[in-house]
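Protein chains in written order, with my numbering: chain W, 42 to 181; chain G, 42 to 181. All C-beta atoms, glycine included, are put in the ideal place defined by N, C-alpha and C. Below is one structure, written out as C-alpha cells; the observations come after it.
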C-alpha cells in the first residue's frame, strides 16, 4: 500500500499539506523565521505516534470489553543537540480513568500496541530509545 | 530540547492532539472502525517529512537569493505488507516553478536539506529507503 502526501508552499515558512483524511497547515516558530501560524513539522512525528498507539489501544479495549471513561496519552520527546536534530529519547505515558478499571486487560492492550501492532512505534525504535508507562486513575 | 505532545480520546477512533503550534484531529478510515473525521496518524509522519524539508529549502533559497514563484513537493511512501506496518520506501519529489530558475542553487538547497539539515529525513533513513528528485518548471 502507498500513501501520497502533497505540500504546497504558501508564503514565508507556511505550507498547506494534503494527506489522507484532510489538510493541515505547517509553520515554523518566530525564532527561525516563521509566524507560528501552523503545526511544527517535527512534532507531527510525535502526534503520529500518539494517534497510532491510541487508536490501537481503543480498538483492543473494545475487543476485550475493558472500556474506560477517559483515556489520555502524552509524550515527552527529547531532541539531539546537533544538526540534523532528531528524537533520541521518547517516553509515552498512557492514562486511563474509570470505575473498576480492568488493569490487566488494559496493560495487555498497551503492550500489544507497543510491541506488535503500532507501525509508528516500530519506526521510532529505529532511531530513538523508547519507553512507556501506564497510569490508572480509578474512581473507586 | 524537549517536545511535549498530548492526545485526548474523544470517541470511537477519534483523538484531539495538542502539539507545538496548535491542535489537530486524528481519526481512522471506515475500514478499521473510524469515521474519516480526521487525519491518519501514520501519514502524519510523511507530512512531517514534507514540512521539515520544505521549510529548510524555502529558507535556504532566500539566503541564496534564488527565490521561486511556486514550490510544491510530494511524497509517495510505501508500507510493508506485514504488521507492524511501517514505511519501507519513500520518494520525495520537489517541483519548482518560475522564470530563469537558478537550478544550481535550488539543487544545492535541496541537497543541504536532505543530507545535512532535515532531522525528519535523518529519522526516515533509519527505517526506510529514501530517494528524491527535482523538477524545474521554467516559464522561459
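- Nearest neighbour of residue 137 of chain G by Cα position, chosen from G:45, G:106, G:130 and G:148, turns out to be G:148.
- Rounded to the nearest whole angstrom, the CA to CA distance from residue 94 of chain W to residue 52 of chain W is 34 Å.
- Within chain W, no residue has its CB atom less than 7 Å from the CB of residue 177 of chain G, the nearest being about 15 Å off.
- For residue 130 of chain W, there is no enclosing alpha helix (DSSP H); the residue is part of the beta strand (DSSP E) that begins and ends at 128 to 139.
- When Cβ pairs closer than 8 Å are counted between the two stretches, the segment 58 to 67 of chain W is seen to touch the segment 66 to 85 of chain G, the count reaching three or more.
- In the three-state reduction of the DSSP assignment, residue 180 of chain G falls in the coil class.
- The criterion of a C-beta distance shorter than 8 Å is satisfied by residue 109 of chain W and residue 102 of chain W.
- Judged by DSSP secondary structure, residue 51 of chain W falls within the beta strand (DSSP E) whose first and last residues are 43 to 52.
- For residue 129 of chain W, the closest Cβ of chain G is not nearer than 8 Å.
- Three or more pairs of CB atoms, one per stretch, sit closer than 8 Å, so the segment 122 to 132 of chain W contacts the segment 170 to 178 of chain W.
- For residue 154 of chain W and residue 97 of chain W, the gap between their C-alpha atoms comes out near 6 Å.
- Rounded to the nearest angstrom, the gap between the Cα atoms of residue 78 of chain G and residue 105 of chain W is 25 Å.
- Annotation: Cβ neighbours of residue 163 of chain W in chain G (cutoff 7 Å, chain order): 125 and 127.
- Residue burial is scored here from C-beta neighbours: residue 157 of chain G has fewer than 16 other C-beta atoms within 10 angstroms and is therefore classed as exposed.
- Under a 10 Å Cβ-count criterion, residue 58 of chain W is classified as buried, with 16 or more other Cβ atoms of the shown protein chains found around its own Cβ.
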